[in-house]
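Trainee: In my numbering, the protein residues as written are 7 to 135. My structure is below; once you've seen it, I'll send some questions.
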């Protein structure tokens with residue numbers, strides 16, 4: 007398999023920076039989309055995506071709306087989409103909406119390598135912290 011590539015969709019620059027660094031430390035490249043309105047343009051030029059981290063609360067659009075957009079795109083049929091949020095009480099709602107996994111913010115850098123390995127292997131990860 008080629009090097010894994012993740013898509014990060016989050017409006018918070020600090021959160022994006024932390025997640026991008028953690029991914030880079032595990033040799034996973036990434037593309038960052040800071041606003042849901044940028045997603046459509048990004049999808050036209052993205053490389054193959056192996057994993058998506060999607061914040062649930064962004065300006066102008068919820069993560070659930072973005073999830074529906076991604077699920078409607080056949081390129082994401084086999085791509086795990088991870089709800090990635092500070093709102094850990096949303097875990098059951100995320101499951102009902104069809105997310106494949108859930109990671110609460112802040113991400114624990116000590117746990118992340120194993121969580122990432124599981125996600126890239128297609129295993130579900132449902133952790134609030």
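C-beta atoms are modelled at their ideal positions from N, C-alpha and C, and glycine is treated no differently. Treat the numbers as computed from the prediction; the structure is a model and nothing was measured.
1. Would you mind stating whether residue 85 and residue 15 have Cβ atoms separated by less than 8 Å?
2. Can you tell me whether residue 110 is helix, strand or coil according to DSSP?
3. So for residue 92, helix, strand or coil by DSSP?
4. So if DSSP puts residue 38 in a beta bridge, which residue, or which two residues, is it bridged to?
5. Out of curiosity, what's the CA-to-CA distance linking residue 102 and residue 135?
6. Figure out for me which residue from 9, 28 and 41 has the closest Cα to the Cα of residue 112.
7. Grouping DSSP H, G and I as helix and E and B as strand, with all else coil, what is residue 82?
8. Do you know how far the Cα of residue 24 is from the Cα of residue 18?
9. One question on the structure: do residue 92 and residue 107 come within less than 8 Å of each other, judged by their Cβ atoms?
10. So what does residue 63 bridge to, in DSSP terms?
Mentor: From the atom records:
1. no
2. strand
3. coil
4. 14
5. 20 Å
6. 28
7. helix
8. 10 Å
9. no
10. 68
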